[in-house]
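Novice: Take a look at the following structure, please.
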Amino acid sequence: MLEALSKLEGSVLRCYIVHALQSGRKDKVVEFFGINGNDLLLKSSSDWTPWFAIPYLKNPSLDPQFRVYFSKEWYEALRLSLRNFFSEIFNVTRLPALLKISLEKNTISSLKKDNKRLNQKLVQLQALLDGK
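The sequence shown runs 1 to 132 under full-length UniProt numbering.
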C-alpha cells in the first residue's frame, strides 16, 4: 500500500508540473522545484533528475522523455488510479471511524460557540464591575 501511495504521489506531482506548463506557468514549476527539489532527489531514485530541466525546455510536450505525461491517456489513467486508491482506502475504513470524526467536529464547533458566549458574558460582567 505504501509503495502504491508513493507512486501515486510522484504521478500527482508530475501532473501538477504538466498542468502548470500547459497553463503557461513555468514560474510555478521553477518554484515547485525550489521548494521540493531536495526532497524529490533524496526520497526517490534518479527518475526525477530529468524533470529539473523541464521548465527550460522549449516544448516539453514534444520531448520523448516527457511526451507521455502530456497525453490525455496518461492523465485519465492517473485519475482512475487515484479513484481506485481512494475507493480502496475508504472501503477499508470502518464507518464508525468516519462518524466519530464528524461527531468530534460537531463537538469542537459547539465548544467554540460556548467559549465565545462565555467570553461575551465575561466582558459584560467585567463592564458591570468597572461601572461600580
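Even for Gly, the Cβ is constructed at its ideal location relative to N, Cα and C.
1. To the nearest angstrom, report how far apart Lys100 and Arg94 are at their CA atoms.
2. Can you tell me the Cα-Cα spacing of Arg67 and Glu104, whole angstroms?
3. According to the neighbour-count rule (16 or more other Cβ atoms, all chains shown, within 10 Å of its Cβ), is Pro50 buried or exposed?
4. Pick from Leu8, Ala97, Ser87: whose alpha carbon is nearest that of Tyr75?
5. Between which two residues does the alpha helix (DSSP H) carrying Gly10 extend?
6. Would you call Phe33 buried or exposed, if buried means 16 or more other Cβ atoms sit within 10 Å of its Cβ?
7. Phe85 by DSSP, collapsed to three states: which one?
8. Using the Cα positions of Lys26 and Ser71, report the straight-line distance between them to the nearest angstrom.
Specialist: Looking at the coordinates:
1. 10 Å
2. 46 Å
3. exposed
4. Of the listed residues, the one whose Cα sits closest to Tyr75 is Leu8.
5. Where Gly10 is concerned, the enclosing alpha helix (DSSP H) stretches over 2 to 22.
6. buried
7. helix
8. 19 Å
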